[in-house]
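First up is the structure itself, then whatever we jot down about it.
2 protein chains.
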Amino acid sequence: MASRNERAAIVSIGDELTIGQSLDTNSKWLSERLTEIGLTVVEHVTVPDDREWLGATLRRLCEACATVVVSGGLGPTADDLTRESLADVLNEPLDEDGDSLRAIEAWFARSSREMPRQNRVQALRPRSGVHIPNPNGTAPGVHVTVLGAAVFCLPGPPSEMRPMFEAYVRARVSPPEGRLIRTRVFQTMGVGESEIAQRLGGLMARDRNPLVGTTASAGMVSVRIRYEGSESAERVDRLMAETAADVERLVGDVVFAEGGRPLADVVIDRLRRAGQRVATVESCTGGMLGGAMTALAGSSDVYLGGWVTYSNEMKGWLVGVGHDLLERHGAVSEEVAAAMAVGGLERSGADHCLAITGVAGPGGGTPEKPVGTVWVGMASRGVGEAGGVECRRFLMRGERETVRQWSVTSALAMLDLRLRGRSELKLLRQQAP
Amino acid sequence: MASRNERAAIVSIGDELTIGQSLDTNSKWLSERLTEIGLTVVEHVTVPDDREWLGATLRRLCEACATVVVSGGLGPTADDLTRESLADVLNEPLDEDGDSLRAIEAWFARSSREMPRQNRVQALRPRSGVHIPNPNGTAPGVHVTVLGAAVFCLPGPPSEMRPMFEAYVRARVSPPEGRLIRTRVFQTMGVGESEIAQRLGGLMARDRNPLVGTTASAGMVSVRIRYEGSESAERVDRLMAETAADVERLVGDVVFAEGGRPLADVVIDRLRRAGQRVATVESCTGGMLGGAMTALAGSSDVYLGGWVTYSNEMKGWLVGVGHDLLERHGAVSEEVAAAMAVGGLERSGADHCLAITGVAGPGGGTPEKPVGTVWVGMASRGVGEAGGVECRRFLMRGERETVRQWSVTSALAMLDLRLRGRSELKLLRQQAP
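Note that the protein sequences, when read in sequence, are chains D and U.
Here the first sequence is numbered in my numbering, starting from -16 and rising by one per residue.
Here the second sequence is numbered in my numbering, starting from -16 and rising by one per residue.
Encoded structure:
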C-alpha cells in the first residue's frame, strides 16, 4: 500500500446518492484522472447531506491521504453543506468572497436573469480557503489545506466539475518525486475469469510489481497490469514490457484489444482500416448498439446508421422481414435475425449489417425461448455465400438492462471476430442453436 | 442522524473501481433496496483489492452501523481478498464448505466444463460464517456477524449480486421496530435549482421531518421529501401528504412527474393513455433515444421504432431529407430537424415523431453552431397545421456524452409538454432560434 503522500481519496456528497436515487459517476472519472497523475486512490466515500458525518469523513481521509477531492454539496440550497463542514473541520468562519460574488452575479447577468437571493451563499468560503473558478455554473469550488492534506471541493454536476478539475486541480496535485504509476489493460473474450487466472498462474501473485489483476464484466474479462513505485523509468518500462509479453504469451489468443477502450471503438478502428462500413438493425436493444457505435466522435465514416425495428410492423416495413417469417418462427429466431441483417445490408449499402432480436425480459419468456435468449444476425458483402450471413444464439442471465448490454457486446464481438478472420471462435454465453 | 441500529453501510471492492476502470453501479442499487426496507444508508465506500485496507474499513463500518453489505472480491483469483479480510477481522480460519464446493462443481457440470482448480477457493468461508447461495455464478456469498453487525458479502457482477440480495439478504435485514422511512420524489423541468429552492423556502429547513431536498441533474431538478423516524404510520402518512401538498402548491407548475421514474416512462404512460404511438429519427444520439424508450419492458404498444440517420446519406435514403436542404442549411439546422421528424412521421404511421440532430462534440463546432448546439424536431398528426411541426434549439454545455443525454431528455420533454398541452413552456438550456 502506498504511503500517505502517494495516497488520494475521493468523496461524493448527497442524500440523492446514499438513498440510491442518483448514480455517482464522478468518483470513477476522478479516479481515472488521479491515477493518470500518479497517485494511488485508496478510497471513494459517498456520504449524505449531513454536516457532522461529512466533517468526520474529511478528518479521517485527510489524516490518511495527502490529497482529497470532494464533489457535491456546493449548491445554493439548505441541503448543500460542504462549505459549513469545511468551516467546522478547520474551526474557521465562512467569509464572503467579493470576486466570487461578482462572478456569480455576472453568470446570472449573462443569461439575463436576476440572481436569486439564495445563490449568495455560494460566494462563501472558509477563511483560509481560496475559490476555484467555475465557468459553467454558479458554484465556485474551494481549495483548502486540512491537517496538511490538499482538499479540493468541486460542484457535483459533471459538466461543471470536470472542466474545473482540468483547469485548476490537475496542475496542483502531483505524486512524490520519482513515483511512477503505469497501467496497461488487455481485454479478452471467449473464456471465463477462472480460466484466464489459471493460465496467468503465478503472474497474479499479490506481491509482484507490476501487479496483474483480472475483472469480469459484461461477458468480457480484462487483464490489468499495474506498476506503482519509484524505480527508474527505464526499469519500469522494461518490467511493464516483460509482464505484457508474459500476458500475451499466456492469454494472447483471446485478447481482442489493448487499453480500456470500448469494444465499439476497437471494431470501428478495424472497419476504418479495412475501408468498410456497417449498419445496424435493432429490436430488443432499441438503439443501444447505434448508441455505442456513436459514443466516440468521428465514427460517421464507418457507421452509417440503421433501423430500430422494435414493433413487428417496423421489422416488415423498414427492412422487409416477411410477415410469414414472423408468424412461423417468431420475432426472436434465427430466421428473423438473418432477414433483419440481410434487409439492413441491402437497404444501407454498408459492407456489414448487425441485427439483434431477443427476449430482454422481465416478461415474454417461454420454455423454448426463455428470458435472455438473444439472436444476433450478421450479414456481410463478399463473404462466402448468401451475403455471408451468420447467426448466433446467446442465452444471457440477468436483468433486462444486463441482457441488452450483453447483446450489444455480443453483436460487436461477432463482427470483431469476422474482421479478424476468427469466426470459428466461440463467444461466452453462446448456446448451440 | 440515525442511530447505529438504523444505519447501514455499503462497501464495493476492486482495483478496477479505485483506478477508475469500471463504474460502480452496485452501491446505488443496494442503497435503493436498503432505503426501501427502512434503513438509513450513511456511507458507500469503495476500496482497492487490499486485504488490510478492506479489513480496517470493515471494522470501522461495523462499529458505526448494524448492517453492512459488501460486493466484490469473491472471485476465484488471487486479487479476490474478501474471504481473507473477513477471516482477519474475525480472527478465524477459513474452512472449506462441502455444500458450496459441490454447488460450484455442479455449476461447471451444467455447462459441461471441468471445474478449474482455481475455483476451489470460492468454497472457503470464515468458520462462523454461512454461505449465501448463488444460482447465477460460482461465487457463494458470505453472511457473518462482525462486532455485532450483520455483514453480507456478495459477488460483484450485478446479475449475480441482485438476485442473491433479493433471495437471501432482504428477509434478514430490518429496521428497529416502529421505524419508518418514506420517500416521495417530484421531478421538475423548466426552472433552475435556486429558483426551486427560493420557492420552497422554509420547507427546506434541515431540522424538518419530513426533510425536503433538491438535486439538479441532466437539465431537471428533482424535489425529494423524506421522512425518517418512529412516529405512528398514520401521523407519518399525514405529514408526508401535507408536505407533498406544500411542494405541489409551490412548484407544481413545473412538476412533470412524481417518483424517480425516467422521463421516457412518464411519456410512454401518457402516450398509452392517449392511445398514441411514437417513432424516432436520431442523428447525433445514434439510437440513445430509442434505447431510453425501450429501457423498461412493455413499451412496444407505444414505441414503434425508428431510424438512426447518422450519416447524411442515411438522412436522405431513410427518411427523405433532401440533399439540397442538407447543402443549404447543414445537417444541424431547424430545416433538417423538421424534415427528419416529418419524414419519420410519414414513414412510420406513428402519431408523433421525434428527431434529433446536433453537434455533440468534441469536434465539429463552428462560431454559428458551437459544440452543444442541438435541434430537436417534433411532428404530430392532427396538431395544428403542417403536421404540428415544432423545432427547438438547445445549447448544452458539457462533454459529448452529457450533450447526447441532454438531447434525449430535451426531446422527451418536448413531447411531454405537447401531450400535456403545455408547449408554451420554455425548457432549460433552450435558446431562441
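In this text, a Cβ means the ideal position worked out from N, Cα and C, and glycines have one as well.
- Listed in chain order, the non-local C-beta contacts of D/E26 below 6 Å within the same chain comprise A(-8), local neighbours out to five positions each way being set aside.
- U/M203 is bridged by DSSP to U/M172 and U/S200.
- Non-local beta-carbon contacts of U/R(-10) in its own chain, meaning distances under 6 Å to residues more than five positions away in sequence, involve T23, V25 and C48 in chain order.
- In terms of beta-carbon proximity, D/N(-12) stays away from the interface with chain U, with every pair separated by 7 Å or more.
- For the stretch 250 to 274 of chain U, the beta-carbon criterion of a distance under 9 Å to any beta-carbon of chain D is satisfied by R260, A262, T263, E265, S266, C267, T268, G269, G270, M271, L272, G273 and G274.
- Within the stretch 25 to 51 of chain D, the residues whose Cβ lies closer than 9 Å to some Cβ of chain U are V25, E26, H27, V28, T29, V30, P31, D32, D33, R34, E35, W36, T40 and R43, listed in chain order.
- In the DSSP assignment, D/P109 forms a beta bridge with D/L77.
- U/I251: member of the alpha helix (DSSP H) spanning L246 to A257, first to last residue.
- D284, Y286, L287, G288, G289, W290, V291, T292, Y293, S294, N295, E296, M297, K298, W300 and L301: these are the residues of the stretch 284 to 302 of chain D whose beta carbon lies less than 9 Å from some beta carbon of chain U, given in chain order.
- Comparing C-alpha distances from D/F239 to each of D/D33, D/P159, D/P76 and D/G404 shows the shortest one belongs to D/G404.
- Note on geometry: alpha-carbon atoms of U/M(-16) and D/P31 lie some 10 Å from one another.
- Judged by DSSP secondary structure, D/L222 falls within the alpha helix (DSSP H) whose first and last residues are A216 to V234.
- DSSP, read as helix, strand or coil, puts D/S142 in helix.
- In the three-state reduction of the DSSP assignment, U/S83 falls in the helix class.
- The C-alpha of U/R96 lies about 33 Å from the C-alpha of D/M223.
- Of D/P123, D/V129 and D/L163, the smallest CA-CA separation from D/Y151 is found for D/P123.
- In the DSSP assignment, U/L287 falls within the beta strand (DSSP E) that extends over Y286 to V291.
- Boundaries for U/V125: no alpha helix (DSSP H) harbours it, while the beta strand (DSSP E) harbouring it runs G124 to V129, taken from the DSSP string.
- At least one beta carbon of chain D lies nearer than 7 Å to the beta carbon of U/K11.
- Comparing alpha carbon positions, the residue from D/E329, D/A394 and D/T385 closest to D/W358 is D/A394.
- Contact check between the stretch 11 to 21 of chain U and the stretch 62 to 76 of chain U: fewer than three CB pairs, one atom from each, fall below 8 Å, which does not count as touching.
- The distance from the Cβ of D/H126 to that of D/S83 is about 12 Å, inconsistent with a contact at the 8 Å cut-off.
- Near chain D, meaning a CB-to-CB distance below 7 Å, the residues of the stretch 115 to 131 of chain U are N119.
- Looking from the CA of U/T292, the closest CA among U/Y286, U/V285 and U/W300 belongs to U/W300.
- As the crow flies, the alpha-carbon of D/M323 is around 8 Å from that of D/G303.
- DSSP places D/C267 outside both helix and strand once states are collapsed to three, so it counts as coil.
- The CB of D/N102 comes closer than 7 Å to the CB of S177 in chain U, given here in chain order.
- U/A262 is a Cβ neighbour of U/G289, given a cutoff of 7 Å.
- Taking a 10 Å sphere around the C-beta of D/R383, we find 16 or more other C-beta atoms and assign the residue as buried.
- For D/I2, the closest Cβ of chain U is nearer than 7 Å.
- Beta-bridge partners assigned by DSSP to U/A(-8): U/E26 and U/V51.
- Between D/R380 and D/G347 the beta-carbon gap is near 16 Å, outside 8 Å, which marks them as no contact.
- If you draw a straight line from the Cα of U/R85 to the Cα of D/E318, it comes to about 40 Å.
- Residues of chain U whose Cβ lies closer than 8 Å to the Cβ of D/E384 are, in chain order, A278.
- In the DSSP assignment, U/V386 falls within the alpha helix (DSSP H) that extends over R383 to L402.
- Residue contact check for U/E15 against chain D: a CB pair falls below 7 Å.
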